[in-house]
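Asks: Below is one structure. I have some questions about it.
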Amino acid sequence: MAAINAAGYDADINSPNNHPLRAALRQWVTAHNPSSLNDLRRFFQAHRRETPAAELGQYVAWALSVDGPPSFNSRFSPNQVPPQALALEGLGPLLARFYSEAALDQAWKQAQPSYDEAIARYHQPVSQAVFDSNAYLRNPTSGARGRRFQIFIDLLAAPNFVQTLSLADDYFVVITPSPEPRVRDVRHAYLHYLIDPLAIRNAAALDKKRALGDFALASPILDEAYRNDFTLLAGMSLVKAVESRLDATQAPSLVSQAMSEGFVLTAAFHDALLIFEKQDQSLALYLPRMIADIDRAREDRRIAQVQFASQRSARVVPVQAPKPVELSAAAQAAADAERLYEKRDLPAARAACRRVLEQPAPRPLQARAYFALARIAALEKQPGLSQQLFERSLELDPEPYERAWSHVYLARLATAAQDSAAALLHYQSALAVQGASEGARKAAQTEMQSPALAPKPSPDHQ
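Residues 1 to 462 in the numbering used here are what the sequence shown spells out, letter by letter.
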């Protein structure tokens, strides 16, 4: 998502419901100015889709089909990959370049607290929704053996989207920022995860009721997939019926709404669930009886009374700005220092670093300030001061990004001073840093092969 945001994905960019991280990542990419960005923009423009949902959906499907950074290789054979993801052939190598050049591994470390906060916001209500669903359906596990239900929070996409995708044995839900947690949408997806396999298992029994599906064809808003697949229509009708029982106080309006949208078995399943609730079997075992008990003549009469809606109902989402990410004074000063350094406003960057060091701050934040001061000294051609400041940064338990790059810079200073032994030691130290950025690793690997660092022949061999 960082890549397509930089490449031209501007859907709802001015919405107050965007997470602040979306703008922050765009600024991060601009500051790093990756050489692959123009190629990425051309790729994005060549793969535009007709709606924001379709555009987001193809990149979501692709992301769920690959194994992630740094290589972004496909996890599946082509026949298992969703068609919308197959359309993005060639994105993997391009994204691998962009990931390295934009130092997104370091950006992720800085962004992770925002994701942790978003996940924590969903944890309790989603856990309760899953528990309630399992309890109602008398489902002892979280679905069929070998299948997984997974939820992803995407803070970089346009707000107020919920996308689902079934891929091999996994069922994914991807949620973008919204004013309130989309718990009902997650529950809806989880019910599909549980109920869709049951509908498929009972397809032969459902086929005997197929004539009822002809009524649904009169709905002007029913998706083509439901028109052409009665088992799919029945599965969605059952999901909506279960939702009406989980929200029992709203049951009449929920059933009526579902029927008006073309899900014509919802009322029959709702009535059957009233009986299901009074016995002990799980839905998996009881569903064949529910299907067999559907009275076609009665449902014919009931469905004939339905007035189909001309447009889908929409859940109104109140618009409000998310709470901005609050930084401590020291953290804000460190962020200011990095921004000013990237703009080469060195006096202002130096002043921001000093503000960090003039107030209580965690050691890694102090290390970042010394790291910035050391780079400023290097740009101002003060190698002695630069070396002292990089060494001071290393003494303060810096984060992997600053630790690895400090060793790279110290190696360069040692090379300039013709101290090849010290240079090699620093390059090796940079490579040993767990979580070092790909840029720092590549710099160390490349530069330690320099002829200037080659072992000098001893006098005895001259």
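Backbone N, C-alpha and C fix where the C-beta goes; we use that ideal spot for every residue, glycine too.
Quick check: what's the CA-CA separation for P70 versus S437?
Replies: One C-alpha to the other measures close to 11 angstroms.
Asks: My guess is that P466 and A11 are in contact by the Cβ rule of under 8 angstroms, so how many angstroms apart are they, rounded?
Replies: Absent from the model: residue 466. The displayed extent of the chain is 1 to 462, so no value can be given.
Asks: Within 10 angstroms of the Cβ of E391, are there 16 or more other Cβ atoms? Answer buried if so, exposed if not.
Replies: With fewer than 16 Cβ atoms within 10 Å of its Cβ, E391 is classed as exposed.
Asks: Consult DSSP for R75 and reduce its assignment to one of helix, strand or coil.
Replies: The answer is coil: DSSP assigns R75 none of H, G, I, E or B.
Asks: Going straight from the alpha carbon of N5 to that of R22, what length do you get?
Replies: If I take the Cα positions, the gap works out to 8 angstroms.
Asks: State the CB to CB distance for the pair L198 and A216, rounded to an integer number of angstroms; the pair is presumed to be in contact (CB under 8 angstroms).
Replies: Going by Cβ atoms, the distance from L198 to A216 rounds to 20 angstroms, so no, they are not a contact pair.
Asks: Taking the straight line between their C-alpha atoms, what separation do you get for P383 and S65?
Replies: For P383 and S65, the distance between alpha carbons rounds to 48 angstroms.
Asks: Can you name, in chain order, every residue of its own chain whose Cβ lies under 8 angstroms from the Cβ of N139, other than the five neighbours on each side?
Replies: Once the five neighbours on either side are set aside, the close Cβ partners of N139 are S133, L194, S282, L283 and A284.
Asks: My assumption, with CB atoms under 8 angstroms, is that L88 sits in contact with Q58. Please give the rounded CB distance.
Replies: L88 to Q58, Cβ: 6 angstroms. Contact.
Asks: Given a cut-off of 9 angstroms on the beta-carbon distance, is the pair T231 and H192 in contact?
Replies: For T231 and H192, no; Cβs fall outside 9 angstroms.
Asks: With distance defined between alpha-carbon atoms, name the residue in A61, F43, R75 and H19 nearest to P159.
Replies: Here the closest residue by C-alpha is H19.
Asks: So, using beta-carbon positions, are A367 and L396 closer together than 9 angstroms?
Replies: Cβ atoms of A367 and L396: closer than 9 angstroms.
Asks: For the alpha helix (DSSP H) that contains L385, what are its first and last residues?
Replies: L385 -> alpha helix (DSSP H) spans P383 to E395.
Asks: For F308 versus I221, is the C-beta distance shorter than 9 angstroms?
Replies: Yes, the pair counts as a contact, with Cβ atoms nearer than the cut-off.
Asks: Counting C-beta neighbours from all protein chains within 10 Å, is the total for N33 16 or more, i.e. buried, or is it exposed?
Replies: N33 comes out exposed.
Asks: Under the assumption that S393 contacts F371 (Cβ atoms under 8 angstroms), give the Cβ distance between them as a whole number of angstroms.
Replies: Yes, S393 and F371 are in contact; Cβ-Cβ is about 4 angstroms, under 8 angstroms.
Asks: Expressed to the nearest angstrom, what Euclidean distance is found between the alpha-carbon atoms of R355 and L40?
Replies: Looking at the two C-alpha atoms, the distance is approximately 38 angstroms.
Asks: For G90, does the count of other Cβ atoms within 10 angstroms reach 16, so buried, or fall short, so exposed?
Replies: With fewer than 16 Cβ atoms within 10 Å of its Cβ, G90 is classed as exposed.
Asks: Can you tell me which of A204, D247 and S36 puts its alpha carbon nearest to the alpha carbon of D466?
Replies: Only positions 1 to 462 of the chain appear in the structure, and residue 466 is not among them; the question remains open.
Asks: Could you give the uninterrupted runs of the alpha helix (DSSP H) lying entirely in the stretch 249-325, keeping only those of 4 residues or more?
Replies: Fully enclosed alpha helix (DSSP H) runs of 4 or longer: 251-260, 266-276, 283-292 and 296-304.
Asks: Measure the alpha-carbon distance for Y401 versus H123 and round it to whole angstroms.
Replies: Their backbone Cα atoms lie some 30 angstroms apart in a straight line.
Asks: Tell whether a beta-carbon distance below 9 angstroms holds between L25 and A111.
Replies: Cβ atoms of L25 and A111: closer than 9 angstroms.
Asks: Count the other C-beta atoms from every protein chain shown that fall within 10 angstroms of the C-beta of I249, then say buried if there are 16 or more, exposed otherwise.
Replies: For clarity, residue 249 is Thr in the given sequence; the question names Ile instead. Exposed: under 16 other Cβ atoms inside 10 Å.
Asks: Give the straight-line distance between the Cα atoms of F276 and F269, rounded to the nearest whole angstrom.
Replies: Taking the straight line from one Cα to the other gives about 10 angstroms.
Asks: Would you say E263 and M236 are within 9 angstroms of each other, going by their C-beta atoms?
Replies: The sequence given here places Phe at residue 263; Glu does not occur at that position. The answer is yes: Cβ separation under 9 angstroms.
Asks: Alpha carbon to alpha carbon, how far is Q445 from M417? Give it in angstroms, no decimals.
Replies: The sequence as given places Ala at residue 417; Met does not occur at that position. Roughly 20 angstroms between the two C-alpha positions.
Asks: Note down, in chain order, each residue of its chain lying with its Cβ closer than 7 angstroms to the Cβ of L453, except the 5 sequence neighbours on either side.
Replies: T415, S420, A423 and L424, listed in sequence order.
Asks: From the DSSP output, in three-state form, read off F149 for me.
Replies: Strand, per DSSP.
Asks: Taking the straight line between their C-alpha atoms, what separation do you get for P362 and P398?
Replies: Rounded to whole angstroms, P362 to P398 spans 10 angstroms at the Cα level.
Asks: Have a look at D223 and R201 and give me their C-alpha separation to the nearest angstrom.
Replies: Those two C-alpha atoms are separated by around 23 angstroms.
Asks: Report the residue from E55, V255, L212 and A349 whose alpha carbon sits nearest the alpha carbon of A297.
Replies: Closest option to A297, Cα to Cα, is L212.
Asks: Please report the straight-line C-alpha distance between S100 and G439, rounded to a whole angstrom.
Replies: The straight-line gap from Cα to Cα measures roughly 6 angstroms.
Asks: Could I get the ranges of all uninterrupted beta strand (DSSP E) runs contained in the stretch 329-362, with 3 residues as the minimum, in chain order?
Replies: You should have found no qualifying run.
Asks: If you run the structure through DSSP and keep just helix, strand and coil, what is D170?
Replies: DSSP places D170 in strand when its eight states are reduced to three.
Asks: Assign F465 to one of two classes, buried (16 or more other C-beta atoms within 10 Å of its C-beta) or exposed (fewer than that).
Replies: The shown model of the chain, from 1 to 462, leaves out residue 465, and the question about it has no answer.
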